[in-house]
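Trainee:
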Amino acid sequence: MPLEKILHATDLSPGAEAAGRRALQLARDHGARLQVLTVVNAPDVNEAVMAHLRGRSGEMMTDLTEATEQALVEHMRGLGAPEDGGIEYHCIQGQGYRQILKEARGWGADLIVVGSHGHQGVHDVLLGSTTLNLVHHTDLPVLVVKRPAQGPYERVLVPADFSERTRSALQLAADLVPEQVLRVLHVYNLDALDNVLRNRVERSEVDRIKAEVRAERQQELDAFLLNADVHPDRVQGQLRMGYAPDELQKAVDEWDAQLVVMGTHGRNRLADALLGGVARRVVHQVKGADVLLVRT
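Written out as structure tokens, the structure reads:
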């Protein structure tokens, strides 16, 4: 899927700067149109601003919107946005994620880019509300930026369970970084097998069974990569045994992965996938890498 329209939603806080730089880089590298959006809500406005506007209720929100839009332009120019146009800026009123989704759908965005730090500077404040709501209510990919944007992505990790959602995530990752080799990680867990076999069979037999399971998983991984819609030279498989979130973090740390691209379930199962499963842990717990959620 080519990236033609990117929507970056920001609250203008310092924590959103990395997401702004990443949105600019992606738009530049892909020749995509970029829309930068912020949402204002009167109760959230700074008291000093409200004092200045008090007594002008009829014009208050109009003035607030215009002032915020100008601040939005200055915010992005401070991050390197060109001054000669090419970027659309919008400040709209309403509830954050609903307005972002309405604009993204109406504009036909291919990707939504958000930061993981909210206005209060608390880690993942935005992620805990707006981003999860975005993913829950839209079919669009959502990129959660967690690390400073320093050039294009070079090390991209795709967790794989051999499902169609993994295939979709892998394809988008290939489109996002067309010149890089993607590392596809499959993690399997044998704790249940250990519990069954413990004290029932010889250790050598346990090791033999584990070796067979690993060989089977390796074959599955190889077959998945061979049949993926990505050239074989552009993918590299990695197999790890253990608890999936922990092994994913180890893989991120060891490789210094810059981006994790993960497919999630469709709308009817999304709550389970995010609130109780690996996807939620990936978004909330992975440190040192951005996270791109691709819903199928």
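Under UniProt numbering, the sequence shown has 11 at position 11, and the numbering climbs by one with no breaks.
In this text, a Cβ means the ideal position worked out from N, Cα and C, and glycines have one as well.
(1) Spatial neighbours of Thr296 within its chain, please: CB distance less than 7 Å, with the 5 preceding and 5 following residues excluded, ordered by chain position.
(2) By how many angstroms is the C-alpha of Arg240 removed from the C-alpha of Glu202?
(3) I'd like the span of the beta strand (DSSP E) that includes Thr130, first residue to last.
(4) Do Gly108 and Ala24 have their beta-carbon atoms positioned less than 8 Å apart in this structure?
(5) Which residues in the same chain have their Cβ closer than 7 Å to the Cβ of Glu17, if we skip the five residues on either side of it in sequence?
(6) Drop a sphere of 10 angstroms on the beta-carbon of Lys102, count the other beta-carbons inside from all chains shown, and report buried for 16 or more, exposed for fewer.
(7) Can you find the residues in the same chain that come closer than 8 Å, C-beta to C-beta, to Arg22, ignoring five residues on each side of it along the sequence?
(8) In terms of residues, what are the limits of the beta strand (DSSP E) holding Lys5?
(9) Given this structure, state the Cα-to-Cα distance separating Val158 from Leu185, to the nearest angstrom.
(10) Could you check the C-alpha separation between Leu34 and Lys5 for me, to the nearest Å?
(11) Per DSSP, Met76 is paired with what?
(12) Considering only the alpha carbon of each residue, which of Gly115, Leu172, Leu64 and Val181 lies closest to Ala19?
Mentor: In brief:
(1) Locating residue 296 in the sequence shown gives position 296, counting from the first residue. If you ignore the 5 residues before and after Thr296, its C-beta comes within less than 7 Å of the C-beta of Glu164, Arg165, Ser168, Gly263 and Gly266, all in its own chain and listed in chain order.
(2) For the purposes of this step, residue 202 is identified with residue 202 of the sequence shown, where counting begins at 1. For the purposes of this step, residue 240 is identified with residue 240 of the sequence shown, where counting begins at 1. When rounded, the distance between both Cα atoms is 24 Å.
(3) Translated into positions along the sequence shown, residue 130 becomes position 130. Careful: Thr130 lies outside any beta strand (DSSP E) and carries neither H nor E.
(4) The sequence position of residue 24 within the sequence shown is 24, counting from 1. The sequence position of residue 108 within the sequence shown is 108, counting from 1. In the sequence under discussion, the amino acid at residue 24 is Leu, which differs from the Ala named in the question. Result no, Cβ atoms of Leu24 and Gly108 do not sit closer than 8 Å.
(5) On the sequence shown, residue 17 is found 17 positions in, with the first residue counted as 1. Leu79, listed in sequence order.
(6) Along the sequence shown, one-based indexing puts residue 102 at 102. Label assigned to Lys102: exposed.
(7) For the purposes of this step, residue 22 is identified with residue 22 of the sequence shown, where counting begins at 1. Hits under 8 Å: Val113, Leu143, Val145, Ala149 and Asp290.
(8) The residue given as residue 5 occupies position 5 in the sequence shown. Where Lys5 is concerned, the enclosing beta strand (DSSP E) stretches over Lys5 to Ala9.
(9) In the sequence shown, the residue the question calls residue 158 occupies position 158. In the sequence shown, the residue the question calls residue 185 occupies position 185. Straight-line Cα distance between these residues: approximately 6 Å.
(10) Position 34 of the sequence shown holds residue 34. Position 5 of the sequence shown holds residue 5. Looking at the two C-alpha atoms, the distance is approximately 6 Å.
(11) Here residue 76 is taken as the residue at index 76 of the sequence shown, counted from 1. Met76 pairs with nothing; no bridge assigned.
(12) As a position in the sequence shown, residue 19 is number 19, starting the count at 1. Selected option, being the one with the closest Cα: Gly115.
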